[in-house]
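**Student:** Quick one: the structure is below, questions incoming.
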Amino acid sequence: MLNMLLWIAGFIILLVKLMIILGVLLFFAGYLVWVERKFLARLQIRYGPNRAGPYGLLQPLADIVKMLVKEDTVPDGADRAFFLIAPAVVAATAILMFSVVPFGKDLTLWGQKVPLVVTDLNIGLLFVFAMSSLGVYGVALGGWASNSKYGLLGGIRGAAQMISYELPLGLSLVPIVMMAHSFSMVKIVAAQQKYPFILFQPLAFMIFAISSMAESKRIPFDLPEAENELVAGYHTEYSGMRFGLFFLGEYVHIMVFGAIMSVLFLGGWRGPFLPPVVWLLIKILAVALFMIWVRGTLPRLRYDQLMALGWKVLIPLALINILATGAVGLMIN
Amino acid sequence: MERGVEASRFESIADRVINWSRKFSLWPMFFGLSCCFVEEAAVFTSRYDLARFGAEVLRPSPRQADLLIVSGTVFKKIAPVVLRLYEQMPEPKWVISMGSCSNSGGMFDVYSVVQGVDQIIPVDVYVPGCPPRPEALLEGLVILQEKIMSERPARRVFHLGGGTQGTERPVLAEGVTKSSDPRGPGYPGTVIRGTSLLPGTLHWGNRSDLMWTPQARRAVLSESDAEVAAQLLERFGSKARLAPQSSDMLTFEVDRTSLKEVLHFLKNESSTKYRRLDDLTAIDESARRDRVWNKGLCEGTSEVGAAEALCKRQPGENYSDFTMVYQLLSFESACRVRIKTGLEAKGGEKLASTASVTDLWPSANWYEREVFDMFGIRFDGHPNLHRLLMPEWWEGHPLRKDYPGRATEMAPYTFEDARKRQPMDGMQLSTLDNKGPTGDREFFLNIGPHHVSTHGLLRCIAGLEGEQIKSLDLEIGYHHRATEKLGERQSWHQYIPYTDRNDYLAGSSLEFSYATAVETLADIKVPERAQAMRVLLAELYRLSNHLVWMATFAHDLGAMTPNFYTFAEREMILDVIELITGGRLHAEFVRIGGLAADLPEGWKEAVDKLTAIFPRRLSEYEKLLRKNPIFMARTKGIGRISLEDAISWGITGPNLRACGMAWDLRKNMPYSGYENYEFEVPTATEGDCYARYLVRVEEMRQSIKIIEQVARNMPSGRYVTEDYRYAIPRREEMLRDIETLIHHFVNVTRGMKIPVGEAYGVTEVPRGEHGYYAVSDGLGSAYRMRVRSPGFANIQALPLMATGESIADLISIIGSMDVILPDIDR
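The listed protein sequences correspond, in order, to chains A and B.
Counting the first sequence from 1 gives a position; my numbering is that position plus 274.
Counting the second sequence from 1 gives a position; my numbering is that position plus 697.
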């Protein structure tokens, strides 16, 4: 009976956590768009949105409501089922990745230990990669199912790019796993009690940062949607909230990679004075602002250059980094 | 009852929420047709910042757009595309018609232009202006926001029936729900003057005969010209005759049969080798006033006034039906030669033909296709002779004299036309150009006619293998504004505004070319101050053009920020231009014989401020690109063209200089006092995108140097010639004596008369050599106005540069070439 009650309580706590995290995540993803528009505007000597609410703070609301009540078109000749499901795949996989990110120390509620993570999988990192790989389907299928040449080209580019950059992304993290002796995100944060890993693994951090920008399809790696070449790439044919989901997926992706970067390299929720959740948010925001800044500065790579960078530079570097980390580890122990 | 009240309360709240959201989330489509789009683009940049209204999210795909801003001229060839894009936008959607052309056809009442976009799609807000200033578009957006707030979308959104959202206005039909009669209502059945039924030129023409003018300018042959003339006469005897009179260059009349030999001789064997085909065009001579009495033509005309005018002609010169004009340029002696040859037409269809010169100059391909399109002259041996500018379904040849030029005289363009006349299938077109399919496994990708990075309405049909371009065919003519036909209708002064619009980023530079042509023809002396002022304006516009080029080039490569920086500087330049001329894009400030007004007070300070700030800012912005490894990877070695090819394809301007040739008209054939200024002609050798970038950036620095010198040494004196026969007199003088008042009256009302003759006037505009070839029959308007544009020649070489590269490179190449469509399609 008690077990039953505990199970129910645990389930309720999980649901509450899920709701809070989902709400907060979507809220921040929405406001990340606002941050991006404002920050880019400042980089470009402009004001940015400032009419919808004070400082344009209601801008994300306006955009979301508008997209929700916009006509949802499916082009003639599209593969209807895949076309409709693709945006959801992108958004859902991005959101799911967040479930293994710890955002604070364990909390004690009524004598119950409540871990501040949706689920502390012991293979947390692998889960992130698995989800990230599944996201490729959304892009590739969305582009292919649109029955549009631009969509198709965007989809192909997206698939190739995301699969290629999975590798350096994963390889760059092997040294972290080696240092933390665990795949669990919670344990990795714990391992950075004294110093954040960025101090030991700057190269891994760099590779990870570049690859995650490629994974979230941001300039200079936004080839799948490169508007100057492919109109809007894989989401050329999407309208209304389905397009909005692709958009949202991208921003959630930024948040997730920001979070993972903070967890793996920047000490996670650790930091002085402020509560852990706030620290995590600050770090995520810092990563996001960095990505926006990059977007405001750099041109776009070409497809073959992007591939060359991934396969000929980042992967070898990541492998060397693993070897070096192993060697140093052996020497110390 | 209560439930009804509840429901309506809910509805009204929902209405408000939805309207509010839509109002602040109007995403415009990345869509532009012509000049107005430049002002639309300015709205997004720092000074105007459309982002404040949440409307900066430009969507390149119609599926994601809420707002279609039809900015610019709607051409009959592009109208089906406009309609299709509109139909691809999901509900609800709104339309802003920006600028006079889109509103009503504006100043382009001419065969290729739809007289108002509201004939094919519904319009919510009209923004007047030509072009409207960015502020005007902002106001248009605010008006649209107000309109949205008055909608009742909730019932639609929840599928309850009723309610209103988006554009609900009907598409208008000419003659039924709208009228384009400029005289307003009440004149049905009364003929409009200036149409083919009551040609203005005939009336004015008769009056022109009352005015006396001196003969056209008589050019003195230089030594090298005389040598070439002697060689030609010796070699070809009576088959090549030196034209009795020429105002600008060595001119020869050649028999049709020996034309090709003469051209071959001039290109390869004569003492001065003319390696470039500068221009190739035709003149329809059938309406020459001093033509030998033409019985067939006279009897064929049913209309009384016209027939009378034709039949009364005195026997005079024996013109052929058509004249072909070839103009060549020699680099080593910096001179040109013009070869003319008469063609006789046969039958009622007026068929004429001559040999193609595509084997001598590959660039002749498009020139000959254009002549075929416009005059119906056939070229034997041409590889792919079909229409170039007009769509394939077009009937008639617009530049023939019996072709009425006005759109209002043709059947109105309707919604059904736009439905029916979709552009030709890409595969089909590629087959047409290549005389057979180019491999069946290719993947054809249409880039354009409307695409973010084609810089206007250009259509590239790329045959792809993966992302590599195996074949590239271009289709142009989507921006054909019939400037040449307009030149035959508008009086000499009235034509000036049309020249601006021929290259909407180069503004006064083109007025300058045009004025040069007319001044050469009539031998008008331009005062020194006016010359210097023209140089000042031309260089300011060069800066402004190159800044836009830099912005768009960077944008094409995915760098969004340089756009905003360079546009901020461009605003500063436009402020100076506005101070001097009162205009922004289209200054319309040059007049024949000088300028419209003197420099205003405070011009020097404004110019000095600009020259002090600009170089520093330029270096700052350049840091974003010049040494950026991604930028270099995207441009170095991409789109390479050799100097040899560049010359044989007739490439001019910075694109030619990037191949290693220091050829700049300002240096090599100086005009308007350019010889008095110290500046260099920057060159690069690689001929790739990066070289083109370096050359243009350096050109900006040189322009600043010239501006500095002009400002320092601005001569005093008159801003317009004293020869009031050809100029609009200065106001203070006009008010003082009766002679000047008469000149003012005549030149402003029916326009001045230019003596019989022809002349080519050319200047180095930002994009290369832009020339006007004006042929006068001694009337108040030109007999033939040929526009030789740099873009036409430059873009023709695009397939040569882009084949074998990838799609991304194609975009980079187009960006680096600085193309603009009105000067390609004219």
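Glycine included, every Cβ here is placed at the ideal spot set by N, Cα and C.
On a predicted model such as this, the values are computed, not experimentally measured, just so you know.
If B/Gly1336 sits next to B/Ser1513, beta carbons under 8 Å apart, how far is it from one beta carbon to the other, in whole angstroms?
**Tutor:** Residue numbering aside, residue 1336 of chain B sits at position 639 when the second sequence is read from its first letter. Residue numbering aside, residue 1513 of chain B sits at position 816 when the second sequence is read from its first letter. At roughly 6 Å, the Cβ-Cβ gap stays under 8 Å, so B/Gly1336 and B/Ser1513 are in contact.
**Student:** Please confirm whether A/Ile589 has its beta-carbon closer than 9 Å to some beta-carbon of chain B.
**Tutor:** The residue labelled residue 589 of chain A in the question sits at position 315 within the first sequence. No - not a single Cβ of chain B is within 9 Å of the one on A/Ile589.
**Student:** Tell me the rounded alpha-carbon separation between A/Leu540 and A/Leu504.
**Tutor:** Reading the first sequence from its first residue, position 266 is the one you call residue 540 of chain A. Reading the first sequence from its first residue, position 230 is the one you call residue 504 of chain A. If you take the alpha carbons of A/Leu540 and A/Leu504, they lie about 36 Å apart.
**Student:** Along the stretch 367-378 of chain A, where does the CB come closer than 8 Å to a CB of chain B? Name the residues.
**Tutor:** If the cut-off is 8 Å between Cβ atoms, the stretch 367-378 of chain A has nothing near chain B.
**Student:** CB-CB under 8 Å to A/Leu289, same chain, minus the five flanking residues each way: which ones, in chain order?
**Tutor:** On the first sequence, position 15 is the one that residue 289 of chain A refers to. There are no such residues.
**Student:** Between the C-alpha atoms of B/Glu784 and B/Pro1297, what's the straight-line distance to the nearest angstrom?
**Tutor:** Here residue 784 of chain B refers to the residue found at position 87 of the second sequence. Here residue 1297 of chain B refers to the residue found at position 600 of the second sequence. Answer to the nearest angstrom: the Cα atoms are 49 Å apart.
**Student:** Any idea what DSSP makes of B/Glu1139, helix, strand or coil?
**Tutor:** The residue labelled residue 1139 of chain B in the question sits at position 442 within the second sequence. In this structure, B/Glu1139 counts as coil in the three-state DSSP scheme.
**Student:** Would A/Tyr469 be called buried (16 or more neighbouring beta carbons within 10 Å of its own) or exposed?
**Tutor:** Translated into the one-based positions of the first sequence, residue 469 of chain A becomes position 195. Per the 10 Å Cβ criterion, exposed.
**Student:** Give the interface partners of A/Ala336 over in chain B, defined as CB-CB distance under 9 Å, in chain order.
**Tutor:** For the purposes of this step, residue 336 of chain A is taken as residue 62 along the first sequence, with counting starting at 1. Those are Trp717, Ser718, Arg719, Lys720, Phe721, Ser722, Gly751, listed as they occur along chain B.
**Student:** DSSP puts B/Val1022 in a beta bridge; with which residues?
**Tutor:** Within the second sequence, residue 1022 of chain B is the residue found at index 325, counting from 1. DSSP lists B/Thr978, B/Lys1037 as partners of B/Val1022.
**Student:** May I ask you to report which of helix, strand or coil DSSP gives B/Pro1194?
**Tutor:** Here residue 1194 of chain B refers to the residue found at position 497 of the second sequence. Correct three-state label for B/Pro1194: helix.
**Student:** Mapping DSSP to helix, strand and coil, what is B/Met795?
**Tutor:** Taking the first residue of the second sequence as 1, we reach residue 795 of chain B at position 98. Residue state, collapsed to three classes: strand.
**Student:** Please check if any C-beta of chain B sits within less than 9 Å of the C-beta of A/Tyr439.
**Tutor:** Against the first sequence, residue 439 of chain A aligns to sequence position 165. Chain B contact via Cβ: absent.
**Student:** Grab the span of the alpha helix (DSSP H) containing B/His1252 for me, first residue to last.
**Tutor:** By one-based count along the second sequence, residue 1252 of chain B stands at place 555. It spans 1225-1253 - the alpha helix (DSSP H) in which B/His1252 sits, taken as one unbroken run.
**Student:** Report the three-state DSSP secondary structure of B/Met1358 (helix, strand or coil).
**Tutor:** Against the second sequence, residue 1358 of chain B aligns to sequence position 661. If DSSP states are grouped into helix, strand and coil, B/Met1358 belongs with coil.
**Student:** Given that B/Ile1535 touches chain A, what residues does it touch there, using C-beta distances under 8 Å?
**Tutor:** What is shown of chain B runs 698 to 1523, which leaves residue 1535 of chain B out entirely.
**Student:** Is there contact here, the stretch 1067-1086 of chain B with the stretch 1359-1375 of chain B, by at least three beta-carbon pairs under 8 Å?
**Tutor:** No, the stretch 1067-1086 of chain B is not in contact with the stretch 1359-1375 of chain B.
**Student:** For A/Val602, return the contacting residues in chain B, with the cut-off set at a CB-CB distance below 9 Å.
**Tutor:** Taking the first residue of the first sequence as position 1, residue 602 of chain A is located at position 328. What A/Val602 touches in chain B: nothing, since even the nearest Cβ is about 31 Å away.
**Student:** Would you check if the distance between the CB atom of A/Pro498 and the CB atom of A/Gly429 is smaller than 9 Å?
**Tutor:** Start at 1 with the first residue of the first sequence, and residue 498 of chain A comes out as number 224. Start at 1 with the first residue of the first sequence, and residue 429 of chain A comes out as number 155. Yes. Within cutoff.
**Student:** Taking B/Thr1055 as the reference, which of B/Gly1039, B/Asp1077, B/Ile1036 has the closest Cα?
**Tutor:** Against the second sequence, residue 1055 of chain B aligns to sequence position 358. Cα-wise, what sits closest to B/Thr1055 is B/Asp1077.
**Student:** List the residues of chain B that A/Arg311 touches, going by C-beta distances under 9 Å, in chain order.
**Tutor:** The count along the first sequence starts at 1 and reaches residue 311 of chain A at position 37. The answer, in chain order, is Ala748, Gly751, Glu753, Val754.
**Student:** Okay, do the stretch 726-735 of chain B and the stretch 864-874 of chain B touch, 3+ Cβ pairs below 8 Å being the bar?
**Tutor:** The stretch 726-735 of chain B is not in contact with the stretch 864-874 of chain B.
**Student:** Hey, out of B/Met1087, B/Ile1144, B/Pro1496, whose CA is closest to B/Glu1067's CA?
**Tutor:** Start at 1 with the first residue of the second sequence, and residue 1067 of chain B comes out as number 370. Here the closest residue by C-alpha is B/Met1087.
**Student:** Of the residues that make up the stretch 1373-1394 of chain B, which ones have a beta carbon closer than 9 Å to any beta carbon in chain A?
**Tutor:** Result list empty, no residue passes.
**Student:** Do B/Ile1173 and B/Asp922 have their CB atoms nearer than 9 Å?
**Tutor:** The sequence position of residue 1173 of chain B within the second sequence is 476, counting from 1. The sequence position of residue 922 of chain B within the second sequence is 225, counting from 1. No, they are not a contact pair.
**Student:** In terms of residue numbering, what span does the beta strand (DSSP E) encompassing B/His1467 cover?
**Tutor:** Taking the first residue of the second sequence as position 1, residue 1467 of chain B is located at position 770. 1465-1473 is the extent of the beta strand (DSSP E) around B/His1467.
**Student:** In its own chain, which residues sit with a C-beta less than 7 Å from the C-beta of B/Ala1490, not counting the 5 before and 5 after it?
**Tutor:** Here residue 1490 of chain B refers to the residue found at position 793 of the second sequence. The answer, listed in chain order, is Ser1060, Trp1346, Gly1347, Ile1348, Thr1349.
**Student:** Going by beta-carbon coordinates alone, are A/Val423 and B/Asn1242 separated by less than 9 Å?
**Tutor:** Start at 1 with the first residue of the first sequence, and residue 423 of chain A comes out as number 149. Start at 1 with the first residue of the second sequence, and residue 1242 of chain B comes out as number 545. For the sequence presented, residue 423 of chain A should be read as Lys rather than Val. No; because the gap between Cβ atoms is not below 9 Å, this pair is not in contact.
**Student:** Going by other Cβ atoms of all chains shown within 10 Å of its Cβ, with 16 needed for buried, is B/Phe1022 buried or exposed?
**Tutor:** Sequence index remark: in the second sequence, residue 1022 of chain B carries index 325 (1-based). Correcting the residue identity first, residue 1022 of chain B is Val in this sequence and not Phe. The residue in question, B/Val1022, is buried, as its Cβ has 16 or more Cβ neighbours within 10 Å.
**Student:** Can you pull the DSSP bridge partners for B/Met1482?
**Tutor:** In the second sequence, the residue the question calls residue 1482 of chain B occupies position 785. Answer is B/Ala1471, bridged to B/Met1482.
**Student:** Taking a Cβ distance cut-off of 7 Å, strictly less, list which residues of the stretch 765-794 of chain B are near chain A, in chain order.
**Tutor:** Cβ contacts with chain A: Pro787, Glu788.
**Student:** Could you list which residues in chain A have their beta carbon closer than 7 Å to that of B/Asp1253, in chain order?
**Tutor:** Your numbering for residue 1253 of chain B matches position 556 in the second sequence. Within 7 Å Cβ-Cβ: Asn502.
**Student:** Residue range of the beta strand (DSSP E) that A/Gly409 falls in?
**Tutor:** Residue mapping note: residue 409 of chain A aligns to position 135 of the first sequence, counting from 1. Unbroken run through A/Gly409 is the alpha helix (DSSP H), 398-419; no beta strand (DSSP E).
**Student:** Could you pull the DSSP bridge partners for B/Leu947 from this structure?
**Tutor:** Taking the first residue of the second sequence as position 1, residue 947 of chain B is located at position 250. Partner(s): B/Val1034.
**Student:** For A/Lys491, which residues in chain B fall below 9 Å Cβ to Cβ?
**Tutor:** As a working note, residue 491 of chain A is residue 217 in the first sequence. Simply none; closest approach about 12 Å.
**Student:** Which class does B/Arg760 belong to by DSSP, given the choice of helix, strand or coil?
**Tutor:** Locating residue 760 of chain B in the second sequence gives position 63, where the first residue counts as 1. Three-state DSSP puts B/Arg760 in a helix.
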